[in-house]
């Protein structure tokens, strides 16, 4: 018996109404001619393996009896392989299907004359068999007691022949396609996930991959990573085989159709997708779609590409129906038509999105510009909105903070929400410039924003051209001031007329500067002196100024007549005065006219009338308000000496008349001037 090293083979496929799902063209094997597909040299990719998978599609002609799918060859000697015996999957790796040296499992039903998928999985001494992706025998111990590949044979496997005969089983009669060999034990999930489609050829663990898509010549292309190309041929001998004789037919048939998930789903459309396999014939592609789960009365739409050329293989096709109804479930399938017939893919479904939410600008009266003055709200203008399929209300937001909106033209706010979930309208929205909108000096531009969840293209509502806020008038009036001549300039102040929005002097960017031409020394004669304001700055106001006056009033000046004293009969002394109130360094000589000092007294004024008033009058200076304080002239008595005259008499004579002499009489006074003459006694 011939020995062979373990090969790692894996093939996954799918079965639809006797049509291969992963096949493209395939190869037809004639058992009587021992048709075969000989692989490239395998010894460097399958030696010393204790797990592998071999899988393929096959359509066998024999209903009963034995069939060899693939023989394993070591140095041109057949050493077992994979086949069917009395409707059982059988495998032998160390003998040429000798009795007692095969591991097998029974196939469900009749597997002849139809495409089916077969997979042989070896894992550390146990076999698992898959038929159309279904496990039909699992974890069966190898009948030859093999656990690891090195125990199989000392002879390395060099190639295998798909369809080739064995010593004890006839060659395969039928068709094969998409042969795959793996160096891993594939799982049921892995097999089923990939059996519908052709592989890329770079999948992990894949060591040999014959798509059998060649339409001419004898080369069998290895689409796997190792480039182990094989050849097609036939032989009438038993062994060794000769792969160079008589290339026979290729398999063609119904297209293969697979429907895949819809994308780009909206409320009115979607993109349908799928794959079409031409299976050797030019194939026209399309999709059926409709609201019936079984696609009764379905619509049809051409797919792109519209035609899959023969030999192209699996091709992604797509179509995008439009005009669908929102929130509706649609069923669809891909469909291929070629000379062999029509194949429809599996039916899938999708649900269109809810109808897109829409905001509609029904009417818009925002044509003339908004114009107002700072501090006064403008007149309102309106636009009318409606909404459909909304999930929330429409938020209306003016372009700047200087606007406010309302739905009743009475109660205004910075934003307003119109409507709610569902539909609404038509609803008017009013907008105006707020009273506290700053004066811009330039036209205000921008768009009123409309927003609602899910609305991607709301209407744009621009402000009318030349919309603006002008400055409010503000008058700064300088307050009149008064000061006394010589006093310091008082604090200059101003009054404001025109402030709005609660503004005050503190709201000015720059406060006004107040100045006057007067100084502390400014004379009354130049009064009033102008007080002016200038330099105030505010972007919200147009400022005008009203000047004020600084009036200089005379300072008080008191002229006090100095008191005087004189002796009776003496001349009236020089009259003088004292001054209280002079400022700015003024002195009596600053007076335009000096005061006149007079008294009622004369040189002859008697003491009896003393004191006599001294008055000041007539002083002149416009810078002063002059008041006078009179003085007194006091007259003191003049000295008068009365000297008794000496007398002589004889003794005994009568006393002579006593007389006196007077010294000190003034003003022509004599003894007679005395009120009482002196009494002379002796």
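Numbering (mature numbering (1 follows the signal peptide of the UniProt record, and there is no 0)), first residue to last: -23 to -1, 1 to 659. All C-beta atoms in this analysis are idealised placements derived from N, C-alpha and C, irrespective of residue type, glycine included. It should be emphasised that the depicted structure is a prediction, and the values quoted were computed from it without experimental measurement.
Would you kindly report the start and end of the unbroken beta strand (DSSP E) that includes residue 295?
As a first step, residue 295 must be located in the chain shown, where it is residue number 318. Element bounds for residue 295: 291 to 296.
Which first and last residues belong to the beta strand (DSSP E) in which residue 492 is found?
Translated into positions along the chain shown, residue 492 becomes position 515. Here the beta strand (DSSP E) through residue 492 covers 490 to 493.
Taking Cβ positions, are residue 441 and residue 329 nearer each other than 7 angstroms?
The residue labelled residue 441 in the question sits at position 464 within the chain shown. The residue labelled residue 329 in the question sits at position 352 within the chain shown. Against a cut-off of 7 angstroms, the Cβ pair of residue 329 and residue 441 comes out as no contact.
Any idea what DSSP makes of residue 184, helix, strand or coil?
Locating residue 184 in the chain shown gives position 207, where the first residue counts as 1. Strand, per DSSP.
Would the beta-carbon of residue 577 fall within 7 angstroms of that of residue 590?
Translated into positions along the chain shown, residue 577 becomes position 600. Translated into positions along the chain shown, residue 590 becomes position 613. Yes, Cβ-Cβ distance for residue 577 and residue 590 is below 7 angstroms.
Just to confirm, is the Cβ distance from residue 79 to residue 139 under 7 angstroms?
Counting from 1 along the chain shown, the entry for residue 79 is found at position 102. Counting from 1 along the chain shown, the entry for residue 139 is found at position 162. Judged by their CB atoms, residue 79 and residue 139 are not nearer to each other than the 7 angstroms cut-off.
When the Cα of residue 558 is compared with those of 447, 639, 568, which residue comes out closest?
For this step, residue 558 is matched to residue 581 along the chain shown. Checked all of 447, 639, 568; the closest Cα to residue 558 is 568.
Can you round the beta-carbon distance between residue 176 and residue 186 to whole angstroms, since I take them to be within the 8 angstroms contact cut?
Residue 176 sits at position 199 when you count from the first residue of the chain shown. Residue 186 sits at position 209 when you count from the first residue of the chain shown. Yes, residue 176 and residue 186 are in contact; Cβ-Cβ is about 6 angstroms, under 8 angstroms.
Give me the DSSP bridge partner(s) of residue 381.
As a working mapping, residue 381 is identified with position 404 in the chain shown. Per DSSP, 409.
Quick check on DSSP: helix, strand or coil for residue 329?
Here the question's residue 329 lines up with position 352 in the chain shown. In this structure, residue 329 counts as coil in the three-state DSSP scheme.
Residue 541: first and last residue of the uninterrupted beta strand (DSSP E) it sits in:
Taking the first residue of the chain shown as 1, we reach residue 541 at position 564. Element bounds for residue 541: 541 to 544.
For residue 294, does the count of other Cβ atoms within 10 angstroms reach 16, so buried, or fall short, so exposed?
Taking the chain shown and counting its residues from 1, the one referred to as residue 294 is at position 317. So residue 294 ends up on the buried side.
Please state the DSSP three-state secondary structure of residue 572.
As a position in the chain shown, residue 572 is number 595, starting the count at 1. If DSSP states are grouped into helix, strand and coil, residue 572 belongs with coil.
If we call anything under 7 angstroms between Cβ atoms a contact, is residue 322 one with residue 251?
As a position in the chain shown, residue 322 is number 345, starting the count at 1. As a position in the chain shown, residue 251 is number 274, starting the count at 1. Result yes, Cβ atoms of residue 322 and residue 251 sit closer than 7 angstroms.
Please report the distance separating the alpha-carbon of residue 304 from that of residue 45.
Counting from 1 along the chain shown, the entry for residue 304 is found at position 327. Counting from 1 along the chain shown, the entry for residue 45 is found at position 68. Taking the straight line joining both Cα atoms gives about 55 angstroms.
Just the C-alpha distance for residue 566 and residue 643, rounded to the nearest angstrom, thanks.
Walking along the chain shown from the start, residue 566 turns up at place 589. Walking along the chain shown from the start, residue 643 turns up at place 666. Counting only the Cα atoms, residue 643 lies some 39 angstroms from residue 566.
So, with DSSP's three-state summary, where would you put residue 20?
Translated into the one-based positions of the chain shown, residue 20 becomes position 43. Three-state result, residue 20: helix.
Let's see if you can read the secondary structure: which residues bound the alpha helix (DSSP H) around residue 171?
Translated into positions along the chain shown, residue 171 becomes position 194. First-last of the alpha helix (DSSP H) with residue 171: 165 to 171.
So residue 460 is in the beta strand (DSSP E); what residue range does that whole segment cover?
Translated into the one-based positions of the chain shown, residue 460 becomes position 483. 458 to 461 is the extent of the beta strand (DSSP E) around residue 460.
So, are the CB atoms of residue 470 and residue 456 less than 7 angstroms apart?
Indexing the chain shown from 1 puts residue 470 at position 493. Indexing the chain shown from 1 puts residue 456 at position 479. Yes, these two residues count as a Cβ contact at 7 angstroms.
Please tell me whether residue 393 and residue 427 are closer than 7 angstroms, where the distance is taken between their beta carbons.
By one-based count along the chain shown, residue 393 stands at place 416. By one-based count along the chain shown, residue 427 stands at place 450. Taking 7 angstroms as the Cβ cut-off, residue 393 and residue 427 do not qualify as a contacting pair.
7 angstroms Cβ cutoff met for residue 324 and residue 308:
Numbered from 1 along the chain shown, position 347 holds the residue referred to as residue 324. Numbered from 1 along the chain shown, position 331 holds the residue referred to as residue 308. Their beta carbons are under 7 angstroms apart, which means residue 324 touches residue 308 by this criterion.
Are the beta-carbon atoms of residue 444 and residue 347 separated by less than 7 angstroms?
Numbered from 1 along the chain shown, position 467 holds the residue referred to as residue 444. Numbered from 1 along the chain shown, position 370 holds the residue referred to as residue 347. For residue 444 and residue 347, yes; Cβs fall inside 7 angstroms.
Quick one: Cα of residue 617 to Cα of residue 501, how far?
One-based indexing of the chain shown puts residue 617 at position 640. One-based indexing of the chain shown puts residue 501 at position 524. Rounded to the nearest angstrom, the two C-alpha atoms are 57 angstroms apart.
Just to confirm, are residue 285 and residue 255 a CB contact at a threshold of 7 angstroms?
Start at 1 with the first residue of the chain shown, and residue 285 comes out as number 308. Start at 1 with the first residue of the chain shown, and residue 255 comes out as number 278. Contact: yes.
Whose C-alpha, out of 384, 379, 401, 429, is nearest the C-alpha of residue 415?
Counting from 1 along the chain shown, the entry for residue 415 is found at position 438. With distances taken between Cα atoms, residue 415 lies closest to 379.
Since residue 428 is in the beta strand (DSSP E), which residue starts that stretch and which ends it?
As a first step, residue 428 is located in the chain shown; it is residue number 451 there, counting from the start. Segment 424 to 428, the beta strand (DSSP E) holding residue 428.
Hey, which unbroken runs of the alpha helix (DSSP H) at 4 residues or more fall wholly within the stretch 340 to 393?
Within the stretch 340 to 393, no complete alpha helix (DSSP H) segment of 4 residues or longer occurs.
Looking only at its chain, what residues have a beta carbon closer than 6 angstroms to the beta carbon of residue 239, apart from the 5 residues adjacent to it on each side?
Translated into positions along the chain shown, residue 239 becomes position 262. In the same chain as residue 239, and ignoring 5 residues on each side of it, the C-beta atoms closer than 6 angstroms to its own belong to 247, 249, 327, in chain order.
Does DSSP classify residue 650 as helix, strand or coil?
Locating residue 650 in the chain shown gives position 673, where the first residue counts as 1. Here residue 650 sits in helix by DSSP.
Among 588, 555, 407, 524, which residue has its Cα nearest to the Cα of residue 549?
Numbered from 1 along the chain shown, position 572 holds the residue referred to as residue 549. If we check each option's Cα against that of residue 549, 588 comes out closest.
Using a Cβ-Cβ cut-off of 7 angstroms (strictly less than) and excluding sequence neighbours within five positions of residue 649, which residues of its own chain qualify?
Locating residue 649 in the chain shown gives position 672, where the first residue counts as 1. In its chain, beyond the 5 residues on either side, no residue has a beta carbon closer than 7 angstroms to the beta carbon of residue 649.
Residue 622: buried (16+ other C-beta within 10 angstroms of its C-beta) or exposed?
The count along the chain shown starts at 1 and reaches residue 622 at position 645. Flag for residue 622 reads exposed.
Reference residue 257, options 231, 277, 236, 536, closest by Cα
For the purposes of this step, residue 257 is identified with residue 280 of the chain shown, where counting begins at 1. Taking only the C-alpha atoms, the option nearest residue 257 is 231.
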